[in-house]
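2 protein chains.
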Amino acid sequence: MSNAGDHETSRLDDAARAGWLYYVAGNTQDEIARKLGVSRQSAQRLVSLAVSEKLVKVRLDHPIARCMELAHGLSEKFGLVSCEVAPSDPDAPAALTGVAQLAAGEIERLLKSDHPKIIALGTGRALRACVEQLPKMDCPQHRIVSLLGNMMSDGAATPYNVVIRMADRVNARHYPMPLPVFARSVEEKQLLQQQEAVHNILELARQADVTYVGIGNIGDNAPLLIDGFVSREETRALIKAGAVGEITSWVFDRSGKLIDGLTNDRVASAILHVSPSKPVIAIAVGTLKTDAILAAMRGRLINGLITDEATAEHLLNH
Amino acid sequence: MSNAGDHETSRLDDAARAGWLYYVAGNTQDEIARKLGVSRQSAQRLVSLAVSEKLVKVRLDHPIARCMELAHGLSEKFGLVSCEVAPSDPDAPAALTGVAQLAAGEIERLLKSDHPKIIALGTGRALRACVEQLPKMDCPQHRIVSLLGNMMSDGAATPYNVVIRMADRVNARHYPMPLPVFARSVEEKQLLQQQEAVHNILELARQADVTYVGIGNIGDNAPLLIDGFVSREETRALIKAGAVGEITSWVFDRSGKLIDGLTNDRVASAILHVSPSKPVIAIAVGTLKTDAILAAMRGRLINGLITDEATAEHLLNH
DNA sequence: CAATTAGACGGGCAAATATTCATTCAGACT
DNA sequence: AGTCTGAATGAATATTTGCCCGTCTAATTG
Numbered sequence: 001m002s003n004a005g006d007h008e009t010s011r012l013d014d015a016a017r018a019g020w021l022y023y024v025a026g027n028t029q030d031e032i033a034r035k036l037g038v039s040r041q042s043a044q045r046l047v048s049l050a051v052s053e054k055l056v057k058v059r060l061d062h063p064i065a066r067c068m069e070l071a072h073g074l075s076e077k078f079g080l081v082s083c084e085v086a087p088s089d090p091d092a093p094a095a096l097t098g099v100a101q102l103a104a105g106e107i108e109r110l111l112k113s114d115h116p117k118i119i120a121l122g123t124g125r126a127l128r129a130c131v132e133q134l135p136k137m138d139c140p141q142h143r144i145v146s147l148l149g150n151m152m153s154d155g156a157a158t159p160y161n162v163v164i165r166m167a168d169r170v171n172a173r174h175y176p177m178p179l180p181v182f183a184r185s186v187e188e189k190q191l192l193q194q195q196e197a198v199h200n201i202l203e204l205a206r207q208a209d210v211t212y213v214g215i216g217n218i219g220d221n222a223p224l225l226i227d228g229f230v231s232r233e234e235t236r237a238l239i240k241a242g243a244v245g246e247i248t249s250w251v252f253d254r255s256g257k258l259i260d261g262l263t264n265d266r267v268a269s270a271i272l273h274v275s276p277s278k279p280v281i282a283i284a285v286g287t288l289k290t291d292a293i294l295a296a297m298r299g300r301l302i303n304g305l306i307t308d309e310a311t312a313e314h315l316l317n318h
Numbered sequence: 319m320s321n322a323g324d325h326e327t328s329r330l331d332d333a334a335r336a337g338w339l340y341y342v343a344g345n346t347q348d349e350i351a352r353k354l355g356v357s358r359q360s361a362q363r364l365v366s367l368a369v370s371e372k373l374v375k376v377r378l379d380h381p382i383a384r385c386m387e388l389a390h391g392l393s394e395k396f397g398l399v400s401c402e403v404a405p406s407d408p409d410a411p412a413a414l415t416g417v418a419q420l421a422a423g424e425i426e427r428l429l430k431s432d433h434p435k436i437i438a439l440g441t442g443r444a445l446r447a448c449v450e451q452l453p454k455m456d457c458p459q460h461r462i463v464s465l466l467g468n469m470m471s472d473g474a475a476t477p478y479n480v481v482i483r484m485a486d487r488v489n490a491r492h493y494p495m496p497l498p499v500f501a502r503s504v505e506e507k508q509l510l511q512q513q514e515a516v517h518n519i520l521e522l523a524r525q526a527d528v529t530y531v532g533i534g535n536i537g538d539n540a541p542l543l544i545d546g547f548v549s550r551e552e553t554r555a556l557i558k559a560g561a562v563g564e565i566t567s568w569v570f571d572r573s574g575k576l577i578d579g580l581t582n583d584r585v586a587s588a589i590l591h592v593s594p595s596k597p598v599i600a601i602a603v604g605t606l607k608t609d610a611i612l613a614a615m616r617g618r619l620i621n622g623l624i625t626d627e628a629t630a631e632h633l634l635n636h
């Protein structure tokens with residue numbers, strides 16, 4: 001017993017020595033092997049033992065480090081395939097620019113690919129801000145498709161038309177959806193979606209390689225209400241039915257399940273299709289939205305998230 | 319100006335991201351390159367930037383780490399070619415076993431070499447304890463030579479006969495010095511050293527590839543006094559002449575210079591020869607000895623040290 | 001506006017590191 | 001004693017990393 005213990009501790013001592021020489025003194029494993037009088041392989045084993053035994057602790061002195069940890073934590077906890085957290089600007093915690101730049105960077109990287117991609121987009125302020133950050137590019141190989149109508153029910157254009165703006169910037173083929181966001185009735189919705197053009201666009205959206213969406217909360221300050229898509233009475237009914245958030249106007253409850261009936265009967269938007277190889281990434285910032293974001297992640301409506309530090313903190317602390 | 323600053327910070331941000339992914343998340347630089355959308359080379363540059371900008375801090379959670387730091391500090395401060403620090407046992411701070419094991423390990427490594435080596439040894443409790451830790455070995459290729467006589471002036475054997483004990487253990491040729499430690503007079507010393515055998519041994523000692531010695535303090539509890547080599551009056555005279563320590567009975571002052579006259583006139587031991595390729599390593603423990611050790615290092619009487627944590631701390635804080 | 005120059009970039013290659021695998025060795029158990 | 005087992009070892013090999021160098025870009029200067 002005492003022998004085994006001694007043996008173990010002396011091995012750990014050596015591991016610590018090797019770890020120190022490697023990480024602190026910057027020796028190569030060959031040098032460590034020489035100094036400790038063991039073979040190079042053994043030195044390597046000692047170093048990796050020091051790591052696996054958690055003897056070496058690495059810390060990163062930079063605000064970004066916290067963001068990386070939060071992103072990692074969110075990915076783990078909610079099984080996301082992709083998660084990025086931008087530093088919050090303490091002066092303007094609600095500002096979108098950090099997140100918008102981060103998301104724009106990711107999209108830009110995507111667009112640089114030579115392989116043709118289908119990119120599906122929702123709407124929303126965050127997404128709009130992000131598109132504004134995109135540089136001029138020339139990407140005729142890609143296609144950008146809208147997930148939801150660009151009209152109000154009365155035919156007016158919707159305020160945050162992301163697809164057209166983006167296609168404009170990056171010069172890609174694009175497919176805005178020539179529909180209202182909500183049909184006036186279930187029958188009208190079916191009628192509209194039977195049009196061949198609409199059908200094709202919905203099919204394209206289904207095949208999208210990546211999908212970026214915003215997330216809206218439900219309540220007095222809900223985007224859907226503010227932008228005039230749903231009435232105050234409808235909002236009340238939705239809340240009563242347990243609604244906490246919406247993505248492309250599809251309203252869902254606390255567990256991320258779509259609400260049956262009510263406005264969802266008349267939503268003309270494409271339905272989301274999540275799979276690990278076809279990420280659906282939400283861009284959403286703000287503590288008001290945490291319930292909606294949490295629900296969307298729980299219900300696997302999304303499998304990717306781009307947010308800011310403050311929101312990420314809230315999400316990890318329920 | 320603001321552009322340059324922004325550029326720099328965003329570069330550091332990326333460096334921090336890369337550093338985090340590399341050191342915390344354990345990604346390879348290829349993966350980082352893919353995730354950050356840059357070339358592998360750039361990812362490598364970012365990681366090394368994070369290191370050179372001191373964004374990554376490594377800490378080792380193990381008592382050994384402190385010892386390594388102390389050893390490093392001592393090497394730097396006193397230009398040692400070799401320095402090792404053993405953890406002090408808090409229960410028995412004066413115990414030699416930690417240091418003895420460490421030194422034995424180093425000697426064992428040396429003995430494992432196939433190249434014939436000449437190893438010169440002094441005496442002392444520390445060295446003796448160290449030799450006791452050596453395992454049985456078979457090293458006929460090496461030679462072990464004594465730096466100083468193994469007799470009292472009256473012909474009795476000296477108490478800590480290290481050479482014979484060690485040669486016994488490792489089965490090497492050995493050369494004990496058939497002399498008293500101190501001659502009775504300058505004339506006797508010259509006479510003794512003119513013997514051919516003694517002359518050869520001294521020459522061998524001069525050529526030694528490595529030399530291990532103890533360090534003694536001077537004073538009421540000096541080994542030289544306790545073991546009966548010098549009298550109380552001689553000790554007083556030595557202290558008056560500025561003596562603070564001795565190595566192989568050669569007495570030196572605060573700055574590491576050998577004392578002129580007094581007992582040094584009659585010392586029959588070999589004189590130490592220090593050079594970077596022929597290290598002279600002291601094995602010395604105890605806060606009583608710090609002055610002696612400091613002096614020996616200052617005067618370049620030694621260029622290597624094996625000690626324990628507590629002593630090392632004292633040495634570094636003057 | 002042209003010339004110069006500092007710095008970033010990526011290809012290619014050598015060094016360093018990680019992993020696999022067959023072998024050895026010490027201790028446990030029959 | 002013989003045999004088994006599991007850990008440790010070093011050779012071989014695969015992967016990863018670090019660095020040099022020619023090229024390119026963009027900013028600065030005359």
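Note that the protein sequences, when read in sequence, are chains A and B.
The working numbering numbers the first residue of the first sequence as 1 and each following residue consecutively.
The working numbering numbers the first residue of the second sequence as 319 and each following residue consecutively.
Ideal Cβ positions, reconstructed from N, Cα and C, are used throughout, including at glycine.
- Taken atom to atom, the span from the alpha-carbon of residue 68 of chain A to that of residue 106 of chain A is near 15 Å.
- With contacts defined by Cβ atoms closer than 9 Å, residue 585 of chain B and residue 500 of chain B form a contacting pair.
- Residues of the region 337 to 367 of chain B with a Cβ closer than 8 Å to any Cβ of chain A, in chain order: 337, 338, 339, 341, 342, 343, 355.
- Nearest to residue 373 of chain B by C-alpha distance, out of B/379, B/540, B/364, B/631, is B/364.
- When A/168, A/61, A/310, A/276 are compared, the shortest CA-CA separation from residue 304 of chain A is found for A/276.
- Linking residue 531 of chain B to residue 368 of chain B through their CA atoms gives a straight-line distance of about 44 Å.
- Cα atoms of residue 286 of chain A and residue 241 of chain A: separation of roughly 24 Å, rounded to the nearest angstrom.
- The beta carbon of residue 58 of chain A falls within 9 Å of a beta carbon belonging to chain B, placing the residue at that interface.
- At a Cβ-Cβ threshold of 9 Å, residue 611 of chain B and residue 628 of chain B do not count as neighbours.
- DSSP, reduced to helix, strand and coil, places residue 500 of chain B within a strand of the structure shown.
- Not a single C-beta of chain A is nearer than 9 Å to the C-beta of residue 631 of chain B.
- Within 10 angstroms of the beta-carbon of residue 246 of chain A lie 16 or more other beta-carbons, which makes it buried.
- Counting C-beta pairs with one atom in each stretch, the region 126 to 134 of chain A and the region 189 to 208 of chain A have fewer than three that are closer than 8 Å, which means they do not touch.
- No Cβ of chain B is located within less than 9 Å of the beta carbon of residue 216 of chain A.
- Residue environment analysis places residue 607 of chain B among the buried positions, since at least 16 neighbouring C-beta atoms fall within 10 angstroms of its C-beta.
- Distance from residue 170 of chain A to residue 111 of chain A at the Cβ level is roughly 6 Å; contact confirmed, criterion being Cβ atoms closer than 8 Å.
- Listed by position along chain B, the residues whose Cβ is nearer than 8 Å to that of residue 96 of chain A form an empty set, because the closest Cβ is around 18 Å away.
- Residue 334 of chain B is a Cβ neighbour of residue 65 of chain A, given a cutoff of 9 Å.
- Taking one beta carbon from each stretch, the region 137 to 147 of chain A and the region 171 to 179 of chain A have 3 or more pairs nearer than 8 Å; the two touch.
- When the Cα atoms are used, residue 620 of chain B and residue 396 of chain B turn out to be separated by approximately 10 Å.
- The Cβ atoms of residue 552 of chain B and residue 388 of chain B do not sit closer than 9 Å to each other.
- A direct Cα-to-Cα measurement between residue 348 of chain B and residue 341 of chain B gives close to 14 Å.
- DSSP places residue 82 of chain A in no alpha helix (DSSP H) but in the uninterrupted beta strand (DSSP E) bounded by 82 to 86.
- Beyond the five residues adjoining it in sequence on each side, residue 99 of chain A comes within less than 7 Å, by CB distance, of 86, 126, 283, 285, 306, 307, 308 in the same chain, given in chain order.
- The Cβ atoms of residue 211 of chain A and residue 257 of chain A lie no closer than 9 Å to each other.
- Across the structure, residue 178 of chain A and residue 124 of chain A are spaced so that their CA atoms are roughly 18 Å apart.
- Interface annotation, residue 12 of chain A: in contact with chain B, CB-CB separation under 9 Å.
- DSSP assignment within the region 199 to 229 of chain A yields the following whole beta strand (DSSP E) runs of 3 residues or more, N-terminal first: 210 to 214.
- If you ignore the 5 residues before and after residue 504 of chain B, its C-beta comes within less than 7 Å of the C-beta of 583, 584, all in its own chain and listed in chain order.
- If you draw a straight line from the Cα of residue 392 of chain B to the Cα of residue 636 of chain B, it is about 11 Å long.
- DSSP, read as helix, strand or coil, puts residue 304 of chain A in strand.
- Taking residue 615 of chain B as the centre and dropping the five residues before and after it, the same chain places the C-beta of 396 closer than 6 Å to its C-beta, in chain order.
- In the structure shown, the three-state DSSP call for residue 557 of chain B is helix.
- Contact annotation: residue 380 of chain B and residue 209 of chain A have beta-carbon atoms that are not nearer than 9 Å.
- With contacts defined by Cβ atoms closer than 9 Å, residue 147 of chain A and residue 120 of chain A form a contacting pair.
- At the C-beta level, residue 118 of chain A and residue 204 of chain A come within 9 Å of one another.
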